[in-house]
Amino acid sequence: MRVGRRIVECCRRGGTLALAFGVGLLAGTVWAAGAVVTQKDKAFSVAHVHLRVGEVLVIRNDDTRAHNIQVNHPALMYNSGLQEPGEDVRLTFPAAGEYLIFCGIHPKMKLRARVE
Ligand SMILES: [Cu+2]
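27 is the number of the first residue of the sequence shown in the numbering used here; add one for each residue after it.
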């Protein structure tokens with residue numbers, strides 16, 4: 027199982043600190059951290075993100091223009107409306123799967139999220 031494997035890797039790498047981190051993972055303190063992706067020059071900063079169910083993905087508009095975030099997935103239908111420069115959009119994924127996140131204004135802007 028993924029959780030167990032991750033803790034074992036942590037412990038192998040670094041002793042007590044890593045063990046504390048592993049316990050933190052079990053207690054749920056680190057899990058909600060998720061990921062931050064930015065938008066700049068009509069592009070996402072990465073093409074793929076990897077998250078766990080329930081984690082938050084923050085999409086930050088660092089661009090000089092407005093964007094839009096849409097997800098069209100059976101488990102998550104979402105449209106942010108206009109996302110102005112400086113604004114964050116937060117997505118939480120309710121189920122495992124592959125999600126395509128795109129900008130309704132700039133169709134070439136695509137971000138894929140793999141959620142486990
Ligand atoms: Cu856009």
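Here a beta-carbon is modelled for each residue, glycine too, at the ideal position from N, C-alpha and C.
Note that the structure is predicted; figures quoted are calculated from it, not measured.
Could you check if residue 131 belongs to the surroundings of ligand 1, using beta carbon to heavy atom distance under 7 angstroms? In the sequence shown, the residue the question calls residue 131 occupies position 105. At least one heavy atom of ligand 1 is nearer than 7 angstroms to the Cβ of residue 131, so yes.
Rank 113, 79 and 66 by C-alpha distance to the C-alpha of residue 89 and give the top, closest one. For the purposes of this step, residue 89 is taken as the residue at position 63 of the sequence shown. The residue with the shortest Cα to Cα distance from residue 89 is 66.
Classify residue 113: buried if its beta carbon has 16 or more other beta carbons within 10 angstroms, exposed otherwise. Position 87 of the sequence shown, counting from 1, holds the residue named residue 113. Its Cβ having fewer than 16 others within 10 Å, residue 113 is exposed.
Hey, could you find the ends of the beta strand (DSSP E) residue 61 is sitting in? Start at 1 with the first residue of the sequence shown, and residue 61 comes out as number 35. Note, residue 61: beta strand (DSSP E), 61–66.
Nearest neighbour of residue 133, chosen from 93, 102, 77 and 83 [CA to CA]: Stepping through the sequence shown from its first residue, residue 133 is reached at position 107. Among 93, 102, 77 and 83, the Cα nearest to that of residue 133 belongs to 93.
Give a yes or no on contact between the region 62–78 and the region 100–108, applying the rule of three or more CB pairs nearer than 8 angstroms. no
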